[in-house]
Amino acid sequence: MTYKNSILLGTLGLYRDRFHQYQPNRDLAERLEIARSIPRTHGVEPVYPQDLGKDGSGTKVMKESGLSVSAVNVNIKTEAKFRDGSFTSPDAGIRRETVEYMTTAMDLAAELGAGMITVCPLIDGWDYAFQADHIQQWKWAIECFGEAAAHRSDIKLSIEYKAYESKNHIILPSMGKTLHFCDRVGADNLGVTMDVGHALIAGECPGAEIAHANDAGRLFYIHFNDNDRGADWDMLPASVHLWQTLETLHYMRRIGYDGWVAYDVFTRSGDGGEAIAATFEMMEDLDALLDKIGPETIRQGIAGGLPQWTMRDLVKGLL
Numbered sequence: 001m002t003y004k005n006s007i008l009l010g011t012l013g014l015y016r017d018r019f020h021q022y023q024p025n026r027d028l029a030e031r032l033e034i035a036r037s038i039p040r041t042h043g044v045e046p047v048y049p050q051d052l053g054k055d056g057s058g059t060k061v062m063k064e065s066g067l068s069v070s071a072v073n074v075n076i077k078t079e080a081k082f083r084d085g086s087f088t089s090p091d092a093g094i095r096r097e098t099v100e101y102m103t104t105a106m107d108l109a110a111e112l113g114a115g116m117i118t119v120c121p122l123i124d125g126w127d128y129a130f131q132a133d134h135i136q137q138w139k140w141a142i143e144c145f146g147e148a149a150a151h152r153s154d155i156k157l158s159i160e161y162k163a164y165e166s167k168n169h170i171i172l173p174s175m176g177k178t179l180h181f182c183d184r185v186g187a188d189n190l191g192v193t194m195d196v197g198h199a200l201i202a203g204e205c206p207g208a209e210i211a212h213a214n215d216a217g218r219l220f221y222i223h224f225n226d227n228d229r230g231a232d233w234d235m236l237p238a239s240v241h242l243w244q245t246l247e248t249l250h251y252m253r254r255i256g257y258d259g260w261v262a263y264d265v266f267t268r269s270g271d272g273g274e275a276i277a278a279t280f281e282m283m284e285d286l287d288a289l290l291d292k293i294g295p296e297t298i299r300q301g302i303a304g305g306l307p308q309w310t311m312r313d314l315v316k317g318l319l
């Protein structure tokens, strides 16, 4: 294990759906205290502006916690003004505010010693045919991200793609399209946050997407969780897709990934902090499983190319 563990601070606070509330609301200081108490925690991912404040006042609490910041997560979706889009809003004023959110977050990331912000543009897309001007949306998105990326070259701007939610179709739904988008913007500090759960609901192979993003030089950040490919349930890693999770870790080793891995894991049962602690322990155990299988067994299986042999040998490697 060469990567560093980070906790999305939102996973330690309020969690509810349209039927029930499962976790209590906690302020930033309370969530940071829980994060500090969890073994194997190397850092956290706070949200701008909800955690850090629009004026950056939350940075004082962050610094006092003594925890490193893996990235600042920029929320450009939940406020009412973003209902019709953020960087693809037809309102030029909203697009300007979106860029300001990203550039302010970049400045705060630098102040907190983080080299990156991450953005999940969930509100940018469409629900129905003929609802959106796809040509104009694409141009607006390129302009917004280009302007934000140019704000400061020392901070990475990482895009967390997702196929759907809140819109039925999101403008950046997959690794391939997001990498193409980064090339169209053309900024060296623009890249991708590969969320394993988002790759799964997009019908992707997370290990392959890591390999492709790394080849493009744009793999900036990784989020881990799991789901059944039907919806983004933010379950514990490998709780559904054991082999795909092991393959993802294998390719992280292959490319020598030594950056941050953040965990977007929520629980409806028990305590959120306990779920994160269990996640960290599980990830260490998964790394140990890879060691037990051994790189030679994996290499031979890939070289053979026959699934019945590959899976047989992988299973034998676990015995």
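For the sequence shown, position 93 matches number 93 in UniProt numbering, and the numbering has no gaps at all.
Here a beta-carbon is modelled for each residue, glycine too, at the ideal position from N, C-alpha and C.
Model, not experiment: these values are computed from the prediction.
Among the options, the one whose alpha carbon lies nearest that of residue i
{"i": "Thr88", "options": "Met106, Asp51, Trp126, Met62", "result": "Trp126"}
{"i": "Cys182", "options": "Thr2, Met1, Leu219", "result": "Leu219"}
{"i": "Glu143", "options": "Asn75, Tyr221, Leu190", "result": "Leu190"}
{"i": "Pro173", "options": "Gly203, His151, Trp243", "result": "Gly203"}
{"i": "Asp226", "options": "Asp84, Met282, Asp51, Pro90", "result": "Met282"}
{"i": "Thr59", "options": "Ile34, Val240, Arg36, Ala29", "result": "Ala29"}
{"i": "Pro90", "options": "Ala132, Ser57, Tyr101", "result": "Ala132"}
{"i": "Gly294", "options": "Lys316, Ala278, Ala277", "result": "Lys316"}
{"i": "Phe82", "options": "Ser153, Cys205, Asn73, Asp124", "result": "Asp124"}
{"i": "Ile255", "options": "Gln244, Gly53, Asp215", "result": "Asp215"}
{"i": "residue 386", "options": "Asp27, Cys205, Ser57, Ile7", "result": "Here the chain has residues from 1 to 319 only, and residue 386 is not among them."}
{"i": "Gly113", "options": "Glu97, Lys63, Ser153, Arg96", "result": "Lys63"}
{"i": "Tyr251", "options": "Asp228, Cys205, Val240, Glu79", "result": "Cys205"}
{"i": "residue 342", "options": "Asp271, Thr310, Lys54, His169", "result": "Residue 342 is absent from the structure shown; the chain starts at 1 and stops at 319."}
{"i": "Asp27", "options": "Gly56, Lys54, Tyr3, Val61", "result": "Val61"}
{"i": "Arg96", "options": "Lys177, Arg299, Glu147", "result": "Glu147"}
{"i": "Arg40", "options": "Val72, Gly56, Tyr3", "result": "Tyr3"}
{"i": "Thr310", "options": "Tyr263, Ser57, Trp243", "result": "Trp243"}
{"i": "Arg152", "options": "Asp55, Glu111, Gly53", "result": "Glu111"}
Residue i, buried or exposed, once every other Cβ within 10 Å from all chains shown has been counted against 16
{"i": "Ile94", "result": "buried"}
{"i": "Ala288", "result": "exposed"}
{"i": "Trp140", "result": "buried"}
{"i": "Pro49", "result": "buried"}
{"i": "Met175", "result": "buried"}
{"i": "Val196", "result": "buried"}
{"i": "Asp17", "result": "exposed"}
{"i": "Ser269", "result": "exposed"}
{"i": "Ile210", "result": "buried"}
{"i": "Tyr221", "result": "buried"}
{"i": "Leu32", "result": "buried"}
{"i": "Ser86", "result": "buried"}
{"i": "Gly305", "result": "exposed"}
{"i": "Gln136", "result": "exposed"}
{"i": "Leu236", "result": "buried"}
{"i": "Met194", "result": "buried"}
{"i": "Phe224", "result": "buried"}
{"i": "Leu157", "result": "buried"}
{"i": "Tyr128", "result": "exposed"}
For residue j and residue i, believed in contact at Cβ under 8 Å, the rounded distance
{"i": "Ala92", "j": "Ala149", "result": "About 19 Å separates the two Cβ atoms, so there is no contact after all."}
{"i": "Val265", "j": "Asp291", "result": "Wrong, their Cβ atoms sit about 23 Å apart, outside the cutoff."}
{"i": "Lys77", "j": "Leu122", "result": "5 Å"}
{"i": "Ala238", "j": "Leu200", "result": "The pair is not a contact, with the Cβ atoms about 12 Å apart (cut-off 8 Å)."}
{"i": "Leu179", "j": "Ala213", "result": "6 Å"}
{"i": "Val185", "j": "Phe130", "result": "Rounded, the Cβ-Cβ distance is 27 Å, inconsistent with contact."}
Beta-carbon proximity of residue i to residue j, cut-off 8 Å
{"i": "Ile159", "j": "Val99", "result": "no"}
{"i": "Gly115", "j": "Ile155", "result": "yes"}
{"i": "Phe280", "j": "Asn75", "result": "no"}
{"i": "Asp51", "j": "Leu12", "result": "no"}
{"i": "His134", "j": "Tyr161", "result": "no"}
{"i": "Thr297", "j": "Leu319", "result": "no"}
{"i": "Ala275", "j": "Thr267", "result": "yes"}
{"i": "Met1", "j": "Glu284", "result": "yes"}
{"i": "Ile34", "j": "Gly273", "result": "yes"}
{"i": "Tyr247", "j": "Gly301", "result": "It should be pointed out that residue 247 corresponds to Glu in this sequence rather than to Tyr. No; because the gap between Cβ atoms is not below 8 Å, this pair is not in contact."}
{"i": "Asp228", "j": "Val240", "result": "yes"}
Cβ-heavy atom distance, residue i to the ligand GTP, below 7 Å
{"i": "Ser6", "result": "Ligands displayed in this structure: none; no statement on the ligand GTP is therefore possible."}
Checklist line | Segment contact, 8 Å Cβ cut-off, at least three pairs: the region 255-262 with the region 12-30 | finding: no
Next item on the list: Flag this pair as touching only if the region 57-69 and the region 38-45 have three or more C-beta atom pairs under 8 Å; answer yes or no.
Entry: yes
Note to self: Below 8 Å, how does it come out for the region 165-173 and the region 101-109: are there three or more Cβ pairs, yes or no?
What the structure shows: no
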